[in-house]
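Scroll down for the structure; my scribbles are underneath it.
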DNA sequence: GCCAACGTTGGC
DNA sequence: GCCAACGTTGGC
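Numbering (my numbering), first residue to last: 1345 to 1478.
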C-alpha cells in the first residue's frame, strides 16, 4: 500500500464533483514525472485530494479503484489515467500554508516541488496529517 | 495579475 | 548535447 497526493484545480475538477459523481477517471496528466507516478499507483492505494489555487490545501481522502490505462482524452503521446473514488472528506482543510509551517512535513514533495501534480506521500507523512486533522 | 520555478522545444 | 526561448503551473 502506497500513499499519494493528487492535485486538481477545483474549477476544473473539484472534490465536490468527485463525491457527486461517486467515481472519476483521473485524466489530463501531461507531465512525465506525474504520469510515471500515476502508473505506480495500485488498486487500493489511498491519496490526498488536493485543491490548488486560491484556497489550496488537502480536502479529502480517495482511493484508486482501477490501475492505469491509456488516457482517452490524449490526442497524441503516451499518457495514462487511473480511476478513483472518494473515501471521505477531511474534517477540515489542511492548507498548504499550514503544511509549510509544520516541521514534520517539510520533506513532503508538495513543499519541495509544488508543481508536480501526482506525487508520492510517505507513510509517516500520511499518518501525521491524519493526526492533525482533528 | 504577476512572476518564480520548472518543463519542453528547437536551433546550432 | 547544450542552452536560449518559450509555455505552463500555481503560489502569492
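Quick reminder that beta carbons are idealized off the backbone N, C-alpha and C, glycines included.
| Item | Value |
| --- | --- |
| Boundaries (first-last residue) of the beta strand (DSSP E) holding residue 1438 | 1424 to 1439 |
| Three-state class that DSSP yields for residue 1367 in the structure shown | coil |
| Contacting residues, own chain, Cβ-Cβ under 6 Å from residue 1396 (five flanking each side not counted) | 1351 and 1353 |
| Nearest-angstrom Cα separation, counted from residue 1414 out to residue 1422 | 7 Å |
| Cβ-Cβ distance between residue 1458 and residue 1375 below 8 Å | no |
| Per-residue DSSP class, three states only, for residue 1468 | helix |
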